[in-house]
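Chemist: Sending over a structure as structure tokens; questions will come in a sec.
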Amino acid sequence: MTGEGQPADSAARPGHLPWGVLGVPSSAAAHWPGIEQAPAVLREAGLVPALSAGRFPVQDFGDLPVTRWAAHREAGRPNNAEAVAEVLDAARARLADILRQGARPVVLGGECTLALALVAACADLGRDVGVVYIDGGQDLALPADHPEEPILDSMGVAHLLDLPGTDDVIAGVGPHRPLLQDADVVFFGYSDEEEDRHGQVGSVRIPASAVSADSGAAAQRALAVLGNEEIIVHLDVDVLDFLEVPAADIAGYGRGPALAELTQALRVLVHDPRCAGLLLVEYNPDHDPGRRAAAQLVTMLRAVFA
Numbered sequence: 284m285t286g287e288g289q290p291a292d293s294a295a296r297p298g299h300l301p302w303g304v305l306g307v308p309s310s311a312a313a314h315w316p317g318i319e320q321a322p323a324v325l326r327e328a329g330l331v332p333a334l335s336a337g338r339f340p341v342q343d344f345g346d347l348p349v350t351r352w353a354a355h356r357e358a359g360r361p362n363n364a365e366a367v368a369e370v371l372d373a374a375r376a377r378l379a380d381i382l383r384q385g386a387r388p389v390v391l392g393g394e395c396t397l398a399l400a401l402v403a404a405c406a407d408l409g410r411d412v413g414v415v416y417i418d419g420g421q422d423l424a425l426p427a428d429h430p431e432e433p434i435l436d437s438m439g440v441a442h443l444l445d446l447p448g449t450d451d452v453i454a455g456v457g458p459h460r461p462l463l464q465d466a467d468v469v470f471f472g473y474s475d476e477e478e479d480r481h482g483q484v485g486s487v488r489i490p491a492s493a494v495s496a497d498s499g500a501a502a503q504r505a506l507a508v509l510g511n512e513e514i515i516v517h518l519d520v521d522v523l524d525f526l527e528v529p530a531a532d533i534a535g536y537g538r539g540p541a542l543a544e545l546t547q548a549l550r551v552l553v554h555d556p557r558c559a560g561l562l563l564v565e566y567n568p569d570h571d572p573g574r575r576a577a578a579q580l581v582t583m584l585r586a587v588f589a
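So for the sequence shown, the working numbering puts the first residue at 284; every next one is plus one.
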């Protein structure tokens, strides 16, 4: 390792590799249906050509089968947990194959829980990854915290960290438990109330206010505190103000970074030599009948990848 915890051998970094797009059209972990449509709509809006206009080649690996939300309550478990696990297992296997082919995944979700699949795929190959978790919240809920709302979409990081009380099947997605330690995650851009209700997670937190104050510096700080050999950028579009970009499955109003601020931060993160993948999740086309938000997201990523 060298300064700021980064690997000494720059040739081993993933930042020179091509990108590989994979759609995971699932809403199994969501609050309701809708986000399973996102990969198809983003493709129709020109996302793959937009990425291909950037610095590195892009290969399109297609989409996994559609998995739509369903109500399936089990006592003490998140809703539809077995279906979510099936989606994660399928995505994990496909993403591991993409990584073996020497590409950096761009995952079009789908749900926040897909971070588990990408981290697990990296772990399958023995890769040391950290996550910049860009999200309106922190996804640290536990099944017992909200038994009336047992939705896995708000529990993804809790399962990555294998916090006490997580679902064994979901936390077991991957070659080892936990998949990540606190130091492997930076929460970035969140504006929801603190979700670490039990005081168990010591990860660095960079709130929306810090991103809005200086998005480039905030991104550099996130990179500096992650000592991993590679990083993954997780982007839940609910980090954005729904009135500026009406994209999110769960809307947030007037609290997150502006689109231009997020774009600047993403450019810093995605162009870092350690960047090994990107997840774009929680876009709900049902909230975007005119496809304005889809166009905004494509324009943003075109600028990020340029």
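All residues carry an ideal CB built from backbone N, CA and C; glycine is no exception.
From a predicted model like this one, the values you see are computed outputs, not experimental measurements.
Go ahead and label Asp292 buried or exposed: buried means 16 or more other beta carbons lie within 10 angstroms of its beta carbon, across all protein chains shown.
Modeler: Per-residue confidence for Asp292 stands at a pLDDT of 46, beneath the threshold of 50, marking its modelled position as unreliable; the derived number appears in the next sentence. The residue is exposed, with fewer than 16 neighbouring Cβ atoms inside 10 Å.
Chemist: For Pro340, which residues from the same chain have a beta carbon less than 6 Å from its beta carbon, with the 5 sequence-adjacent residues on both sides left out?
Modeler: Answer for Pro340: Pro301, listed in chain order.
Chemist: In the segment 397-474, which residue ranges form an unbroken alpha helix (DSSP H) of at least 4 residues, counting only runs that do not cross its ends?
Modeler: DSSP runs (the alpha helix (DSSP H)) wholly in the segment 397-474: 397-407, 439-443 and 451-454.
Chemist: What does a CB cutoff of less than 7 Å around Ala502 pick up in its chain, not counting 5 residues either side in sequence?
Modeler: Result list for Ala502: Ala548, Val551 and Leu552, in chain order.
Chemist: Would DSSP call Pro301 helix, strand or coil?
Modeler: Three-state result, Pro301: coil.
Chemist: May I ask you to list the residues that DSSP assigns as paired with Ile514?
Modeler: Note: Ile514 sits in a beta bridge opposite Gly413 and Cys558.
Chemist: What do you get for Tyr536, buried or exposed, if any count of 16 or more other CB atoms within 10 angstroms of its CB means buried?
Modeler: Result: exposed.
Chemist: By how many angstroms is the C-alpha of Tyr473 removed from the C-alpha of Arg383?
Modeler: Cα-Cα distance, rounded: 33 Å.
Chemist: How is Phe588 classed by DSSP in three states: helix, strand or coil?
Modeler: Of the three classes helix, strand and coil, the one that applies to Phe588 here is helix, per DSSP.
Chemist: If you draw a straight line from the alpha carbon of Asp497 to that of Phe471, how long is it in whole angstroms?
Modeler: So the two alpha carbons sit approximately 13 Å from each other.
Chemist: For the putative contact between Val236 and Val414, defined by C-beta atoms under 8 Å, what is the C-beta separation to the nearest angstrom?
Modeler: This structure gives no information on residue 236, because the portion of the chain shown stretches from 284 to 589.
Chemist: Give the secondary structure of Ala531 by DSSP, where H, G and I count as helix, E and B as strand, and everything else as coil.
Modeler: Ala531: strand per DSSP, three-state reduction.
Chemist: Any contact of the segment 349-365 with the segment 426-437, i.e. 3+ C-beta pairs under 8 Å?
Modeler: Touching, per the Cβ criterion.
Chemist: Can you name, in chain order, every residue of its own chain whose Cβ lies under 6 Å from the Cβ of Ala441, other than the five neighbours on each side?
Modeler: Only Leu423, Leu425 and Thr449 meet the Cβ criterion.
Chemist: Over the uninterrupted alpha helix (DSSP H) stretch that includes Leu549, give me the two end residues.
Modeler: Leu549 -> alpha helix (DSSP H) spans Leu542 to Val553.
Chemist: Would you list the residues sitting across from Val487 in a DSSP beta bridge?
Modeler: Partner(s): Val469.
Chemist: Given a cut-off of 8 Å on the beta-carbon distance, is the pair Ile368 and Ile453 in contact?
Modeler: Per the sequence presented here, residue 368 reads as Ala, with Ile not at that position. Yes, the pair counts as a contact, with Cβ atoms nearer than the cut-off.
Chemist: Could you pull out every residue in the same chain whose Cβ sits closer than 6 Å to the Cβ of Asn567, ignoring the five residues on either side in sequence?
Modeler: So the list reads Gly317, Ile318 and Asp532, once near-sequence residues are dropped.
Chemist: Between Asp571 and Pro529, is the Cβ-Cβ spacing less than 8 Å?
Modeler: Yes, they are a contact pair.
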